[in-house]
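In terms of my numbering, the numbers along the sequence shown are unbroken and rise by one, the last being 1131.
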Amino acid sequence: MAPRRVFSPVFALLLALLGAAPMAAAQVLSGNSYPVGGVEVDVTAANAVEARDQAIREARRRAGRMLVERLVPPEDRAKVPTLDDQRLEGMVRGVEFARERPVGNRYIATLTVVFAVEPVKAWLGEAGIRVVETVARAALVVPLWKARGGLEALDDRNAWREAWRGVDSAASAVPLLLLRGDQLDQDAATSEELFVGDVTALSRLNERYRAPTVLVVAVEGDKAGGALSVAGFRYDAQTGARGEIARIAVPSPDRLGEAAKQIHARLEEEWRPLATVRRDTEEALDVSVPIADLADWVRVRQRLGGVPAIRRVNVRTLETHRADLRLEFFGTPDELQRVLAQAGLSLVKEGEGWQLRAR
């Protein structure tokens, strides 16, 4: 007879609580809308009212272009039908104002334009275009500079910080948030703690920004000129995983912009296989998850929560040695297997059922 595993009441209670908690994946996608955030406008007109109205029209058009980049694979974008203002008006559910600053007859704002799913799909469907959504995952950028005398303060204004300001990420799969470096940030963490990857300091700092990913990128070298090197790491705030950023040689400070864009491009390349979601197909799959200890269950839950293709996870049964889940997802089972593999999860057919485990 196999030895019987005995778990403490505390462990069993933790398992139950974790099973009852809502899965993050169920909230990743909204079934009836496509929100497009970070749409910046700056319009001057005859008066303040005209400037605002014109800015909103411009924001809708710009958001429409950004939405196409998100939904349509590059090879299909030449087939996208023309979108006039009347058709666009019928697709927009609303406009949210993240930040606005009217100055006389000038209107400056950052907006979120929310599109209704069905009119968008109908518009693209006229050209036979299949909707494939790339779900954005924001990253907080922590730019550090290590000179001969040590690390600069978080509020240091240098060429490396400016290089990240110049990365246009609004329509990308990984939109960037730049660390402010003000007193609140300095109270949460020091440059030294962030440079070495102190997890407690990273978590404290990110309480303010709530970014899924924290990117710590450090330049080493003389600000005045000469060769520099850039390296760092990315920290997944959801799973706790850490990945190194390969060192990049930079010949001079005026080339730091290229390094920032290169790092961002790599992030996008790594995230897109996970971020691509086909909304035209939905399926459900019953899976079992072997549980050796609490850490096993936590790992699986966290990784499932980071997969946009998973629409909902229902915990059907939860025992000390296994959990039975029902996964509702976009796409096909074969596509789900590939996406889960990218997230560090193995989904395999065993007999008549499916088994899911962390790799």
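The beta-carbon is built from N, C-alpha and C at its ideal position, and this holds for glycine as well.
For residue i, list the residues DSSP reports as bridge partners.
i	result
W917	V991
K1121	W1126
A1056	E1100
D1008	T985
L912	L949, V986
A1037	A1037 pairs with nothing; no bridge assigned.
L1090	A1095
R1084	E1100
Look at the alpha carbon of residue i and the alpha carbon of residue j, and state the distance between them as a whole number of angstroms.
i	j	result
V913	E898	40 Å
D970	P1080	28 Å
A919	D994	6 Å
A935	A999	16 Å
A788	L1108	Residue placement at A788 cannot be trusted, given a pLDDT of 48 that sits under 50; what the coordinates show is reported in the next sentence. Going from the Cα of A788 to the Cα of L1108 covers about 26 Å.
E1100	Y1007	28 Å
V1120	A1130	12 Å
Q1035	G1123	Checking the sequence shown, residue 1035 turns out to be Ile, not Gln. For I1035 and G1123, the distance between alpha carbons rounds to 43 Å.
R980	V889	31 Å
D954	T972	19 Å
V1002	D856	45 Å
A961	P915	13 Å
L926	L951	8 Å
D1058	G921	58 Å
P853	R937	33 Å
V986	N978	8 Å
R865	R1083	22 Å
L843	R1088	33 Å
A823	R833	15 Å
L1117	L1028	36 Å
L1076	L896	30 Å
T1053	R1044	19 Å
T1011	L1112	14 Å
W1069	D957	33 Å
L801	E1055	Caution applies to L801, whose pLDDT of 35 falls short of 50 and renders its modelled position unreliable; the model cannot decide the point.
E992	S941	25 Å
So residue i and residue j are supposed to be a Cβ contact under 8 Å. How far apart are they, rounded?
i	j	result
D1096	S1060	5 Å
L949	A894	That pair is no contact at about 34 Å.
V988	L883	Rounded, the Cβ-Cβ distance is 30 Å, inconsistent with contact.
E830	V813	5 Å
A881	E868	Their Cβ separation, rounded to whole angstroms, is 11 Å, which puts A881 and E868 out of contact at 8 Å.
Y879	V946	About 29 Å separates the two Cβ atoms, so there is no contact after all.
V939	K1033	6 Å
A1115	G1078	6 Å
L860	Y806	About 13 Å; that fails the 8 Å criterion.
Where does residue i fall in DSSP's three states?
i	result
N978	helix
A797	Caution applies to A797, whose pLDDT of 30 falls short of 50 and renders its modelled position unreliable; the model cannot decide the point.
V1072	helix
D814	strand
D825	helix
A1047	helix
A1113	helix
A1003	strand
I901	coil
A996	coil
G922	strand
G1015	strand
P1025	helix
G1077	helix
Is there at least one Cβ from chain C nearer than 8 Å to residue i's Cβ?
i	result
A1003	The structure shown contains no chain C; it is built from a single protein chain.
Less than 7 Å between the CB of residue i and some heavy atom of the ligand PLP, yes or no?
i	result
G921	Among the components of this structure there are no ligands whatsoever, and the ligand PLP is therefore not found.
**Asked** Which ranges does the beta strand (DSSP E) cover as unbroken runs of at least 3 residues, wholly within the segment 837-897, from first to last along the chain?
**Response** For the segment 837-897, whole beta strand (DSSP E) runs of length 3 or above, ordered along the chain, are 864-875, 878-888.
**Prompt:** Which full runs of the alpha helix (DSSP H) of 4+ residues lie inside the segment 927-981, going along the chain?
**Reply:** You should have 931-937, 955-960, 963-968, 971-981.
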